[in-house]
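This report refers to the structure that appears directly beneath it.
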Amino acid sequence: MSGNERARFEAEVEALMPRLHRFCLTLCKDREEAEDLLQDSLVRAYLHRDSYQGHGSFFGWLCGIVRNQFIESRRSAARRRSLLDSVLEGASSVLGSLFTGGVEQSDPESRACQSEESAMLLRALHALPEKYRLVVLLCDVEELGYEEVASILGMPVGTVKSRHSRGRAQLGTAFQAELEQECAVRTGGGP
Amino acid sequence: MSKDEETQLPPLPEEARFAIQAFRSERPSQQARFRIHAALQAAEAGQSAPRPPPAPKHSGWRASAGFRVAMGAVLTGALMLGVTVNLDGDDSQLISHESLPARHLSVQLPKEGFGWVELPWNIDEHPEGKAVVHMETPAEMNFHEHHAGHLPSLQLVSCEADRCLHQFEAPSGPSAQPLRVRIHKPGRYEFRVSHASDDRQINERFVVDAGH
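Taken in order, these protein sequences are the chains called W and X.
First residue of the first sequence? That's 1 in the numbering used here, and the numbers climb one at a time after it.
First residue of the second sequence? That's 192 in the numbering used here, and the numbers climb one at a time after it.
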């Protein structure tokens with residue numbers, strides 16, 4: 001019985017997995033964090049699956065869980081920094097780059113994405129304030145309607161529209177800056 | 192979004208539109224999908240998820256130009272961490288650093304009293320001997336009070352807000368045992384563990400859902 005429920009839940013989630021992954025990538029700084037967030041969120045969603053009453057889309061309900069999980073993780077991470085991280089990071093600063101592999105790491109977005117175009121878009125999205133970033137993601141990348149985005153983010157449709165417009169303008173500017181930086185790197189100039 | 196609405200929006204550069212198309216092909220890795228599947232199975236069964244494959248070891252550091260310069264600092268840092276570094280001219284003896292993906296467990300507590308959960312840590316991946324462990328727990332657990340019996344070297348390092356950091360030694364290699372944690376009341380508990388032997392440091396995170 002329970003196995004059937006889990007299998008049904010996984011089947012329902014399967015089709016939404018790419019969208020949810022991109023949602024997590026847009027919130028997080030790197031792929032590892034995004035995949036941890038997705039895992040934590042889906043486990044939480046599964047454990048509380050009875051609380052989905054069918055009001056609004058299942059994807060929207062899952063996005064709400066991802067956002068809450070993200071906020072909790074950030075708060076928890078902020079509280080943790082001075083304990084285990086300070087021990088490990090303190091050691092790491094003394095050890096130089098040894099503990100992080102000793103080689104210069106590429107930016108997190110490049111490591112998170114499968115193509116340079118994707119990485120540039122993700123960098124541009126990360127340059128936006130979160131209130132614009134998620135609206136732009138859901139409207140422009142996921143091509144959801146304003147009503148659904150408003151339902152997912154829990155805000156009035158008018159607010160979604162205005163944030164989309166401002167966010168789109170900021171995304172254009174941020175992406176243009178990424179292009180210019182990329183161009184400068186290719187031609188040997190510095191940013 | 193209607194065409195009218197689209198025309199009222201600021202236009203995006205053509206390259207950005209291509210990038211959006213490319214971004215739409217981003218998907219979670221197969222490894223992540225496997226982990227999610229395992230975590231859901233574990234949540235369903237109330238057991239620990241199967242161990243994910245360990246993260247690949249870093250190997251590129253040997254080529255680092257700053258590597259030799261960092262060697263002196265390594266000694267100092269290793270002393271701080273309580274681990275040692277062999278400098279007999281064999282680079283392969285230096286510490287490797289690995290962070291494993293988070294794992295979820297659940298435990299059913301008795302109506303009265305407390306329950307135990309075993310964290311399936313990877314301390315057996317160190318060579319036979321002892322590993323130095325740093326472990327961060329929720330402060331409310333009073334971990335240092337309840338676990339000194341089976342972790343004789345357990346020391347409370349510090350507490351801040353609602354988290355406490357502990358240090359102890361534990362057997363590593365084939366004689367390693369799962370890490371037993373005592374839980375008194377239902378809730379969601381997060382544990383971060385870092386264990387180090389002479390040539391390896393492994394960081395792990397466990398999330399435990401405890402209920403009646």
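For glycine and all other residues, C-beta sits at the position ideal for the given N, C-alpha and C.
Please read all numbers here as calculations on a predicted model, not as lab measurements.
Any chain X beta carbon closer than 8 Å to residue i
i      : result
Q69/W  : no
G56/W  : no
P156/W : no
Y46/W  : yes
F175/W : yes
E10/W  : yes
Q39/W  : yes
G172/W : yes
L179/W : yes
L153/W : no
C183/W : no
Cα-Cα separation between residue i and residue j, rounded to whole angstroms
i      : j      : result
E130/W : G64/W  : 14 Å
C350/X : F334/X : 11 Å
V141/W : Q53/W  : 27 Å
N4/W   : G158/W : 41 Å
C355/X : R166/W : 43 Å
E35/W  : V160/W : 27 Å
N68/W  : E10/W  : 21 Å
E206/X : I314/X : 48 Å
A213/X : A124/W : 14 Å
R74/W  : V135/W : 20 Å
R208/X : F175/W : 10 Å
L138/W : H126/W : 14 Å
A352/X : A330/X : 8 Å
E72/W  : E289/X : 24 Å
K376/X : G306/X : 9 Å
S118/W : L38/W  : 19 Å
E222/W : H337/X : Since the first residue shown for chain W is 1 and the last is 191, residue 222/W is missing from the structure and cannot be characterised.
V13/W  : G60/W  : 12 Å
R44/W  : G304/X : 26 Å
S297/X : A339/X : 23 Å
A387/X : V308/X : 22 Å
V372/X : L310/X : 7 Å
E316/X : L370/X : 14 Å
V348/X : V399/X : 23 Å
L27/W  : H21/W  : 10 Å
N394/X : A234/X : 22 Å
S115/W : S76/W  : 32 Å
R226/X : S216/X : 21 Å
Residue i, buried or exposed, once every other Cβ within 10 Å from all chains shown has been counted against 16
i      : result
D50/W  : exposed
T198/X : exposed
A407/X : In the structure as shown, chain X starts at 192 and stops at 403, and residue 407/X therefore has no counterpart that could be examined.
F397/X : buried
Q222/X : exposed
G237/X : exposed
D40/W  : buried
Q392/X : buried
D195/X : exposed
Q299/X : exposed
R168/W : buried
Cβ of residue i within 8 Å of any chain W Cβ
i      : result
D390/X : no
I227/X : yes
Q346/X : no
L200/X : yes
I374/X : no
Interface residues of chain C facing residue i [CB-CB closer than 7 Å]
i     : result
D36/W : The question asks about chain C, but that chain is absent: this structure's protein chains are W and X.
Entirely enclosed alpha helix (DSSP H) segments - the region 317 to 388 of chain X, minimum 4 residues
334 to 337
### Query
Three or more beta-carbon pairs under 8 Å between the region 360 to 368 of chain X and the region 314 to 323 of chain X, yes or no?
yes
Checklist line | Meets three-Cβ-pair contact criterion under 8 Å: the region 220 to 233 of chain X and the region 290 to 300 of chain X | finding: yes
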